[in-house]
Amino acid sequence: MEREVILETQNATKHFGGLAAVEKVNMKIYKGEILGLIGPNGAGKTTFVNIITGMLPITAGKVYFKGQDITGWPAYKVGRLGIARTFQIVKPFRGMTVRENVAVGAMFGHGGHKRSPREALEHVDEIIEFVGMAHLRDKHADQLTLPYLKRLELAKALAMDPELLFLDEVMAGLNTKEIESAMELVRRINERGITILVIEHVMKAIVGVTQRVFVLNFGQELAQGTPHEVLNNPEVIQAYLGEKFVERFFRQQKAA
Amino acid sequence: MSKRLLILLALLLIAAMALAACGGGKATQAPAQEKPAAEQKTEQAAPSGGGEECKVVFGAAVSLTGKYAKEGEYVKNGYELYVEEINKAGGIPVGDKKCKVELKIYDDESNADRSAQLVEKLITEDKVTFLLGPYGSGNTFATTAIAEKYKVPMVEANGAATKIFNRGFKYSFAVLSPAPNYLRGIIDMALDKDPNLKTVAIVIENGAFALEVAQGAKDYAEEKGLEVVYFDKYAKAAKDVSSLITAMKSKNPDIVLGAGHLQDTILVMKQSKDLGLSPKVFGFSVGPTSPEFRKALGKDADYVVGAAQWTPELKYQSDDIFGTPQHFTELYKAKYGEIPPYQAAESAAALIAYQKAIEAAGSLDKDKVRDALAALDYDSFYGKLKFNEQGMNVYKPMAVMQNYTDGNLYTVWPKEAAVKEFLYPFVPWDQR
Amino acid sequence: MSDKEKKKAPIRYSPLDGLFKGRQGVLLGLFALFALFLAIFPLLPFASGFWLNTLTLILLLAAMAIGWNFIGGYTGYAAFGNVAFFGIGAYGTGLSMIRLGLGFFPSLMIGAVAAMVFAILIGLPILRLKGHYFAIATVAIATAMGEIADSWTSFTGGAAGITLPFFSPIEWSGQFFYYMAFLLAMGGLLLTWFILNRKMGYSWVAIREDEDAANMMGINTTWAKVMAFALSALMAGLAGGIYAYWKTFVLAEEVFKIEYTLQMILAAVLGGTGTIFGPFIGAFIYYILITLLVFFLPVGQLHATILGVIIILVMVFTPKGLMDFLSGKKKLSVNALLENIRTYRV
Amino acid sequence: MESLQFTQGIVNAILLSGTLTLVAIGFSIVWGILNIINLAHGAFLMVGAYITYWLFTLYGVDPFLSLPISMAIMFLVGYAVQRYLINLVIRAPLLVTFLLTFAMEIVIINLATFFWKGDLRSVTPDYAGLGFTLGNVQIPYVRLAAFIISLILTGLLHVFMTYTKTGNAIRATGMDIDAARLQGVRIPQTYALTYALGTALAAGAGTLISISFPIDPTMGGAYTLRAFVICVLGGLGSIPGVMLGALLFSFIEVFSGIWFPSLKDAIALLVLVLVLIVRPSGIAGKAFYH
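Just so you know, the sequences run in chain order A, B, C and D.
The numbering of the first sequence is the numbering used here, which starts it at 211 and goes up by one.
The numbering of the second sequence is the numbering used here, which starts it at -16 and goes up by one.
The numbering of the third sequence is the numbering used here, which starts it at 2 and goes up by one.
The numbering of the fourth sequence is the numbering used here, which starts it at 298 and goes up by one.
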């Protein structure tokens, strides 16, 4: 059975001056899945998300969301259409309380046109509870610790009622225990019917939550497949760990 | 907590009120006092019967700080010198008695908003009898409107722009010659010396006063058969006029006239030397008559002529408290240690205009004095004091002073007042 | 949502304003008293022309500061050229009265609309600029506008300016302009309150805190920013129009002077940027400070110096304004004053 | 005769660009490294000019000889100001440093007016106003000298920033403050040093300006604005960029001064806004502090 494609890029390309940050990437995201996007530092993962979501103008190529061409749309339109994202470097609205932060998503996001600020503020209680921040509801965002800021990012994105959610390194900087609960959270979000693209360096998380993984290197597709396939792909290992390491790795394997 | 807040806000309110009660400015004399309105009324009314204390209070907002601080000081000096002298003589005669004169001066910080605000304070809070002018056309423009609103006469001495008087105001009078007349004396003098002069270049500071000066000069020059080959303005507070000098030089004018103020006049002279602009006559509306001009330029000030509303050498005779320009100069020098600039003289003249009008009216009533001012025709130490329908003194000629090679300033025009011959022509920079 | 949940989470509906945290009643009451006092002020026996003049100046400043707060305080764009809107409002009103022979109110509308349109036209390109670049672009535009008005003799009257007729009857002009300024300032406060309870208010604050995030969350940031700019222009433009008629003349060097921009920013900063009442109270604080300085300093020339020192001290110790202390959000203490340095020093 | 206007204009513009380079370069360094728009820049320039004036008037020191003195004095002042004032709030939001330096300008200008009065003053050595003619074009000695000295100082600065350890530390701080810290660069001192360099260069420019133009306490503001325009035109963070920006600006200023004298500043400022909109990184530049 052909799975329903929720987002598709065709030859998506982004150049900064002469530098190709993303080069002709073709990616399909299927409805309901959790897709992992991995790659070494500087591989263009965040840039890729930026050009899809309209944070950066795309140089060439096309982006389709549920069959609709959204290439070059401004970010706010993309957001209202049902694509939400978190930021690798957290971007809370520091002058607002947690509730207000999340309510902004409910006010302006997908379906936000239906809500007044008052309704949005009421609406977000459930989401705040869902991410486990009910006790911090009326705290100012600038009083939160990093793990909670990461969760706040999630809550803000969720409040937009997205169909597709990009999670950009929500687990970086967290300790093992925090990662565990974040993974659990991602799974539960997915259970709500939200398709998720996870950018992550924490391999454990990738293996733990994703069904499929897409690898970028130097802005180009390197591989895709199940987490297991991809992580045992020598090219991927080489890209990640450098040639010397790979040689040593295979020597050791042979020796073993 | 909310109690603390309440107290804070209350304090704020009280502070605001207390402050404003003291007024927006600092009086230099006679601290402000709250007086019941009734008492004030009797004070303003014409004095009846002797014995009672009688005084006239003149109020003014003058620039003691800010960009006109220097000129403002001259104005204040002029006002104060008159007050000191008249009080020595017993005061201003009103009817059959003499009234002491008091002066109330605030600092308007060279700011038109402030000036208007302070004049409103002088009228409504301090209840002064009459108003004197501030320094500069901008501030005068703002304050005359307030005087008009409250129907209090204002004789001003330091706002020459005619647009101040084009509004049909009834209560504003100016003792100085209006702006368009400023450069006429210089043109007359130059043509008198050398009728072969053909071309004039005029550079203008982009300001109300200077624009009127320039337009007046242009009209007059053309009337006298001169060709105006350059006529352009530079921004107020310009720091570099090289481009205009370059443009003027390419026209090779016989006469260069500058309409502006001291600072830009100095700038024009400096850069004319830099760029080798040497006409036969260099003349300016404001600047060359000020000691600052010589200080800033040194020898390069030589030969430059400037317009003057008044000079210490003029040959006026009067029966006013000063008598002659020379006597005024002596008194001023004794009190302030320097030769009086014309701003001081015209400021004192404003008070003389009041004195004569009050004497004629025989009363301190504002409307009566206004009518007397409108009818005034008096020869003072400063020259003729007579106002046209608009309130301008168009009857007094402008004098011309020249920076002589001996480092002094001399009156060189009009001929009857000249103490030295007009040095002509301007010696080109490269021949010095 | 269940009833139980509603009970345990009381929602504050206008929480974007720092002043209103938890003590709405008292403050609103106090403010209402003050507003009432201002409303009946001209009827009081000691309300002389000077008093009206002074308060009119303060209220106009307050109105402009309230307007600046939209773009500078809530949206977080350091606009340093709001005087341009004041000037355009003044010229628009003045020219409509003189050249078109319109009455004051239609002219005022024209002036204000002109200021808003100008804000939208320049806002679209320059609101894409960030930080310093935006700040200086606004300064540049304001300065250039002043110079153009000063030189365009055939249209604006150039450096000679334009002269407006007096308000008639002249005896009531003090009261008339006082109430105009009063209504404008009060209208500005209401407008702030209104916007903060709308999505617009949330978009402004979101943009201030993080524009990228705001954009990604579905906020049309360009629209929101331009609206903030245009509304601040509206306030300044109305103030300019009232000012022009009040002073009966419009002169480029007066209505475009950068001091006005500085004054509105200082008023907003002193009171507290990004709060409803901050700019309003700040205008009074600013004026009192200035008056205090003029009064108690024997050397006139030094009061600007002292004002500068005060700004420096405020910037170093309490750049968020005095509002935090006034509203009890922070306790006034040495520690609180040093907190800013601890946060921002290198 | 129109051609004289044109050639003289070109010469004026080139000579002006030297001084303006010096004016803008200190401003550019402070902006680029510290990310501060130093609105007090012009005020420091003015103090430099006054130091020259007083040394000349009171002690007869030749204005060109006073250059190192005014630069040294203002270097120390700038160091102290940054170390003990601006460093306290340097990471605060833009509005704070903006208003802080603005307030510093107010304080400096008003103190200067208080102590030295507001009148226009001139440094008038014997050779002031002298010059030679090249064809029809007048070239004043002092402006030529100012031009050459500006270029020399600019060159020295370039050498300092490129080849000395301290210069490299400053540049490293501008590029990546954390990396610089890890390398052992003492940030507060480096910041203070950078600011001191900026004020010293401003003072040097003030000295040179005082020889060709009259000075007064409010003279600085116009130069601050020009420095900003030049930095934007040339792009932040490169010395050649500033030179190019200064040259461009001088031409705009001189020729708009000839053709539309009263719109001189307006034209320069509108060019600035246009450049900002079209090419925010400047014509030649790339920012090195982002």
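Beta carbons: idealized from backbone N, C-alpha and C, even for Gly.
query	result
Counterpart residues of Thr307/A in DSSP-defined beta bridges	His350/A
Inter-residue spacing [alpha-carbon to alpha-carbon] between Ile527/D and Phe113/B	53 Å
CB contact below 8 Å: Gln100/B versus chain C	yes
Secondary structure of Leu235/C, DSSP reduced to three states	helix
Beta carbon proximity, Trp255/C to chain B, threshold 8 Å	Strictly speaking, residue 255/C in this sequence is Glu, with Trp absent from that position. Closer than 8 Å: yes.
Straight-line gap, Lys104/B to Leu56/C (C-alpha atoms, nearest Å)	13 Å
Short CB-CB distance (under 8 Å) between Ser330/B and chain D	no
Where Pro30/B falls: helix, strand or coil (DSSP)	With a pLDDT of only 43 at Pro30/B, under the threshold of 50, the placement of this residue in the model should not be trusted, and no figure is reported.
Partner residues on chain F for Leu301/D, Cβ-Cβ distance less than 9 Å	The structure shown contains no chain F; its protein chains are A, B, C and D.
C-alpha distance - Leu522/D paired with Ala400/D, whole-angstrom precision	16 Å
Chain B contact residues for Ala519/D, given Cβ-Cβ distances below 7 Å	Lys222
Beta carbon proximity, Lys321/C to chain B, threshold 8 Å	no
Residue range of the unbroken alpha helix (DSSP H) whose run includes Met137/B	No alpha helix (DSSP H) contains Met137/B, which is instead part of the beta strand (DSSP E) from Met137 to Glu139.
Stretch-stretch touch, CB-based, cutoff 8 Å, three pairs: the segment 28 to 42 of chain C with the segment 239 to 246 of chain C	no
Cβ-based contacts, 9 Å cut-off: residues of the segment 42 to 68 of chain C near chain B	Phe47, Ser49, Gly50, Phe51, Trp52, Leu53, Asn54, Thr55, Leu56, Leu58 and Ile59
Contact list for Gly162/C against chain B, beta-carbon separation under 7 Å	Ala191
Contact belief for Ala389/D with Pro320/C at Cβ below 8 Å, rounded distance in angstroms	6 Å
DSSP state of Trp153/C mapped onto helix, strand, coil	coil
Check whether Gly323/D and Leu494/D have beta carbons under 8 Å apart	yes
Under 8 Å from the C-beta of Gly121/B: neighbouring residues of chain C	Leu252, Glu254 and Glu255
Helix, strand or coil at Cys82/B [DSSP, three-state]	strand
Beta carbon of Ala140/B nearer than 8 Å to that of Pro161/B	no
Extent of the continuous alpha helix (DSSP H) to which Phe124/B belongs	Ser120 to Tyr133
Cβ pair count under 8 Å reaching 3, the segment 44 to 55 of chain C against the segment 224 to 235 of chain C	no
Listed by chain order, chain C residues near Arg361/A by CB distance under 8 Å	The premise fails here: Arg361/A is roughly 15 Å from chain C at the closest Cβ pair, so nothing lies under 8 Å.
Rounded C-alpha distance that separates Asn465/D from Val386/D	24 Å
Local conformation of Gln198/B per DSSP, three classes	helix
Residue environment, Glu439/A, which counts as buried when at least 16 other CB atoms sit within 10 Å	exposed
contact_flag[the segment 204 to 220 of chain C, the segment 79 to 97 of chain C] where n(CB pairs < 8 Å) is 3 or more	no
Contact the segment 371 to 386 of chain D vs the segment 332 to 345 of chain D: 3+ CB pairs below 8 Å	yes
DSSP-derived helix/strand/coil call for Ser363/B	strand
Identity of the residue in Ala214/C, Tyr261/C, Glu148/C and Asn70/C nearest Leu190/C by Cα	Asn70/C
Among Leu159/B, Ile169/B, Pro76/B and Ala343/B, the one whose alpha carbon lies nearest that of Tyr203/B	Ile169/B
Chain-ordered residues of the segment 262 to 277 of chain C with a beta carbon less than 8 Å from chain A	Gly275
Collapsed DSSP secondary structure at Tyr165/B in the structure displayed	coil
Inside the segment 39 to 96 of chain C only - alpha helix (DSSP H) runs reaching at least 4 residues	50 to 69
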